[in-house]
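Worksheet: one structure, shown below.
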Amino acid sequence: MERKTFPGTLDSLADIRQVAKEEAQRVGLSKKAAYNLMLAIDEIATNIIVHGYEEAGRSGSVDVVTEVADGQLILTLEDDATPFDPLQRDLPGEETFTQPLEERPIGGMGIYLTINGIDEFRYEFVNNRNRNIFISRIGEK
Amino acid sequence: MERKTFPGTLDSLADIRQVAKEEAQRVGLSKKAAYNLMLAIDEIATNIIVHGYEEAGRSGSVDVVTEVADGQLILTLEDDATPFDPLQRDLPGEETFTQPLEERPIGGMGIYLTINGIDEFRYEFVNNRNRNIFISRIGEK
Amino acid sequence: MSFQILAEAKKVAKITLIGEVDSLSAREFQKEIERLAVEQPDELVLFVENLTFISSAGLRVLIFAKQKMGTHLAVYMVKPQESVVETLEKTGLHHSINIVDQYL
Amino acid sequence: MSFQILAEAKKVAKITLIGEVDSLSAREFQKEIERLAVEQPDELVLFVENLTFISSAGLRVLIFAKQKMGTHLAVYMVKPQESVVETLEKTGLHHSINIVDQYL
Ligand SMILES: Nc1ncnc2c1ncn2[C@@H]1O[C@H](COP(=O)(O)OP(=O)(O)O)[C@@H](O)[C@H]1O
Ligand SMILES: Nc1ncnc2c1ncn2[C@@H]1O[C@H](COP(=O)(O)OP(=O)(O)O)[C@@H](O)[C@H]1O
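Chains as they are written, first to last, in this note's numbering: chain V, -14 to 126; chain E, -14 to 126; chain U, 17 to 120; chain H, 17 to 120.
Below, the structure written as structure tokens:
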């Protein structure tokens, strides 16, 4: 288990994606699975930084914890913002995505892309920290 | 020797070019030589129709005479306009063609392209007719 | 004779995106869209052959562009990479954006 | 982070020429140029992949376009056939016209 800590600001996103990319390559995920993991991590990290910290007038870090177990790559993002469970949000339905762009609500795509792009996504609030957990099965596809 | 007669109007140009193209293919000129012959014929036929007939308020025909002799394809355009020898015109010099388009005289390219594109070009005034003669060597290039 | 001519005049906004568009760089992207919107273009052409990553923040700028530049705006995306196309498809943006190999 | 953005807005006149431009069809070509000149385009893009013949009458329209639309006008010719390129070269028009494989 390895932990990397980044400042909770938008210019950390590239480095956080880079961790996801390297771990994905190391365990041999397909190019597509690696890209989708990177995208998912970026989306949730963005939400933590923008909604959890910036908009709440708080500051804090974003940790990336890496673990390989039971043929799975498990990446966890940890932060100190107010508890927020992305899975409790109503996801936009099919009909949103077929609306013409001019009439569409401009938000709500981040969590959708996250959950849609990886094998399993979990949320926990443990030790006063948000834990967003991204699970990718190794050796598939 | 074969003669084809066309009305001296711009809508004959496509048919006149077609004669040149077919003869060029029949004697086996290269694609490039055939194109340049077609271009030369089109340029002189245009001048006959525009300057010789239309602008002079006259009408008349354009004949295309085809001959193959001494390893040469000889095409002749005959017309009844006022005598005009294209070879007597000063051709635009190199410097014209390197001028920026904004400053260039807009004419003078037709005869230049004609002479530049075929093996030999001759002019005669015979039996009260202009004869523009285009000679292409067969079996070269 | 065989001759045909087609003609049109258009105000075209062209943007080339290189590298990664996340929520940080999307701000620059958005600024350019705002700048170009002033010109009221008929077409927005995005050259994205070298765009390697785009998050929902980048997609939001595309939706914003369409809303800001007017419904008549035609959006072209030239040579997107496969993962970019997949993201557009998942979010339905491919219905509103013309994905092309070459801009004519 | 690796991100780069290039942006511009231009008035673009596009003409597709198909078949043969001689002194008859050059008149239609010229009329389109006159129509488009009203829009004061920054760029004139000629799609000529299927242009099989152009005489000096057609070249004169190109010179006319440059003179009519203003010296700032950038002229692009996309995918001309070999014989068309040769004619442009013989008459020096290739100095003033950007011959390209793809219009970006
Ligand atoms: N970490 C967070 N803290 C607080 N609110 C959040 C957090 N993440 C997401 N949200 C809320 O959930 C909404 C949906 O998020 P998302 O799907 O990423 O779309 P978007 O950010 O484009 O609106 C956000 O608009 C925000 O209100
Ligand atoms: N058959 C003709 N009869 C009278 N004048 C001609 C004839 N052909 C050419 N000319 C004159 O020679 C000039 C040059 O001809 P050309 O090189 O074809 O260029 P352009 O027609 O573009 O001016 C013409 O402008 C015209 O004044």
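Note that the Cβ used here is the ideal one computed from N, Cα and C, for glycine as well.
At a Cβ threshold of 9 Å, is residue i touching chain H?
{"i": "D27 of chain E", "result": "yes"}
{"i": "S18 of chain U", "result": "yes"}
{"i": "E87 of chain E", "result": "yes"}
{"i": "I115 of chain U", "result": "no"}
{"i": "R74 of chain E", "result": "no"}
{"i": "K106 of chain U", "result": "no"}
{"i": "N101 of chain E", "result": "yes"}
Taking 8 Å as the cut-off, is the CB of residue i close to at least one heavy atom of ligand 2?
{"i": "A66 of chain E", "result": "yes"}
{"i": "Y108 of chain E", "result": "no"}
{"i": "E28 of chain E", "result": "yes"}
{"i": "N21 of chain E", "result": "no"}
{"i": "R43 of chain H", "result": "no"}
{"i": "R89 of chain E", "result": "no"}
{"i": "F69 of chain E", "result": "yes"}
{"i": "S18 of chain U", "result": "no"}
{"i": "S72 of chain H", "result": "yes"}
{"i": "G37 of chain E", "result": "yes"}
{"i": "R122 of chain E", "result": "no"}
{"i": "G93 of chain E", "result": "yes"}
{"i": "R74 of chain E", "result": "yes"}
{"i": "R(-12) of chain E", "result": "no"}
So, is the C-beta of residue i closer than 9 Å to a C-beta in chain E?
{"i": "E36 of chain H", "result": "yes"}
{"i": "L40 of chain H", "result": "yes"}
{"i": "L52 of chain H", "result": "no"}
{"i": "L109 of chain H", "result": "yes"}
What I want to know is whether the C-beta of residue i ends up closer than 8 Å to one or more non-hydrogen atoms of ligand 1.
{"i": "H110 of chain H", "result": "no"}
{"i": "I33 of chain V", "result": "yes"}
{"i": "I96 of chain V", "result": "yes"}
{"i": "N115 of chain V", "result": "yes"}
{"i": "R51 of chain H", "result": "no"}
{"i": "R2 of chain V", "result": "no"}
Cβ closer than 8 Å: which chain E residues qualify as neighbours of residue i?
{"i": "L60 of chain H", "result": "The premise fails here: L60 of chain H is roughly 12 Å from chain E at the closest Cβ pair, so nothing lies under 8 Å."}
{"i": "G74 of chain H", "result": "Per Cβ cutoff of 8 Å: no residues; G74 of chain H is ~10 Å from chain E at best."}
{"i": "L33 of chain H", "result": "Within chain E, no residue comes near L33 of chain H; the closest Cβ sits about 15 Å away, beyond 8 Å."}
Given that residue i touches chain V, what residues does it touch there, using C-beta distances under 7 Å?
{"i": "K47 of chain U", "result": "Going along chain V, no residue has its Cβ under 7 Å from K47 of chain U, so there is no contact; the nearest lies around 15 Å."}
For chain V, find out if any of its Cβ atoms is closer than 9 Å to the Cβ of residue i; answer yes or no.
{"i": "K82 of chain U", "result": "yes"}
{"i": "E65 of chain U", "result": "no"}
In chain E, what lies closer than 9 Å to residue i by C-beta?
{"i": "H88 of chain H", "result": "Correct list: empty, because the minimum Cβ distance to chain E is about 10 Å."}
Within 9 Å of any Cβ in chain U, is that where the Cβ of residue i sits?
{"i": "G92 of chain V", "result": "yes"}
{"i": "P96 of chain H", "result": "no"}
{"i": "Y92 of chain H", "result": "no"}
{"i": "V35 of chain V", "result": "yes"}
{"i": "A(-1) of chain V", "result": "yes"}
{"i": "L22 of chain V", "result": "no"}
{"i": "T(-10) of chain V", "result": "no"}
{"i": "L14 of chain V", "result": "no"}
{"i": "R43 of chain V", "result": "no"}
{"i": "F119 of chain V", "result": "no"}
{"i": "R2 of chain V", "result": "yes"}
{"i": "F82 of chain V", "result": "yes"}
Report, in whole angstroms, the separation of the C-beta atoms of residue i and residue j, which I expect to be a contact under 8 Å.
{"i": "S46 of chain E", "j": "F82 of chain E", "result": "Actually they are not in contact, since the Cβ atoms of S46 of chain E and F82 of chain E sit about 34 Å apart, beyond 8 Å."}
{"i": "E8 of chain V", "j": "T51 of chain V", "result": "5 Å"}
{"i": "G74 of chain U", "j": "A23 of chain U", "result": "About 34 Å separates the two Cβ atoms, so there is no contact after all."}
{"i": "G92 of chain E", "j": "N21 of chain E", "result": "Not quite, the Cβ-Cβ distance comes to about 20 Å (not below 8 Å), so this is no contact."}
{"i": "A81 of chain U", "j": "N114 of chain U", "result": "The pair is not a contact, with the Cβ atoms about 14 Å apart (cut-off 8 Å)."}
{"i": "P85 of chain V", "j": "S112 of chain U", "result": "6 Å"}
{"i": "G37 of chain V", "j": "G124 of chain V", "result": "Not really, about 34 Å apart at Cβ, beyond 8 Å."}
{"i": "I26 of chain V", "j": "R2 of chain V", "result": "6 Å"}
{"i": "V61 of chain U", "j": "K30 of chain U", "result": "5 Å"}
{"i": "K95 of chain U", "j": "V64 of chain U", "result": "6 Å"}
List, in order along the chain, the chain V residues whose C-beta lies closer than 8 Å to that of residue i?
{"i": "I79 of chain U", "result": "L86, R89, I91"}
Please list, in chain order, the chain H residues whose beta carbon lies closer than 7 Å to that of residue i.
{"i": "E24 of chain U", "result": "K30"}
{"i": "G95 of chain E", "result": "S72"}
{"i": "F69 of chain E", "result": "Ordered by position in chain H, no residue passes the 7 Å Cβ test against F69 of chain E, which lies about 17 Å from the chain."}
At 9 Å on the CB atoms, spell out the chain U contacts of residue i, in chain order.
{"i": "K17 of chain V", "result": "E98, S99, E102"}
{"i": "L98 of chain V", "result": "S71, S72, L75, T103, K106, T107"}
Kindly list, in the order they appear in chain H, the residues whose Cβ is closer than 8 Å to that of residue i.
{"i": "E44 of chain U", "result": "F19, I21"}
Listing by chain order, which chain U residues have their CB less than 7 Å from the CB of residue i?
{"i": "L62 of chain V", "result": "Result: empty, since nearest Cβ-Cβ is about 15 Å, beyond 7 Å."}
{"i": "T51 of chain V", "result": "The premise fails here: T51 of chain V is roughly 20 Å from chain U at the closest Cβ pair, so nothing lies under 7 Å."}
For residue i, go through chain U and note every residue whose CB falls closer than 8 Å to its CB, in chain order.
{"i": "L(-5) of chain V", "result": "D38, S39, L40"}
{"i": "F110 of chain V", "result": "Simply none; closest approach about 24 Å."}
Taking 8 Å as the cut-off, is the CB of residue i close to at least one heavy atom of ligand 4?
{"i": "R76 of chain H", "result": "Ligands in the displayed structure: ligand 1 and ligand 2; ligand 4 is not one of them."}
Which runs of the beta strand (DSSP E), 3 residues or longer, sit entirely within the segment 5 to 76 of chain E?
46 to 54, 57 to 64
Ignoring anything shorter than 4 residues, give me the alpha helix (DSSP H) runs that lie fully in the segment 88 to 123 of chain E, in order along the chain.
94 to 102
Could you pull out every unbroken beta strand (DSSP E) segment of at least 3 residues lying fully inside the segment 40 to 101 of chain H, listed in chain order?
59 to 63, 67 to 70, 90 to 94
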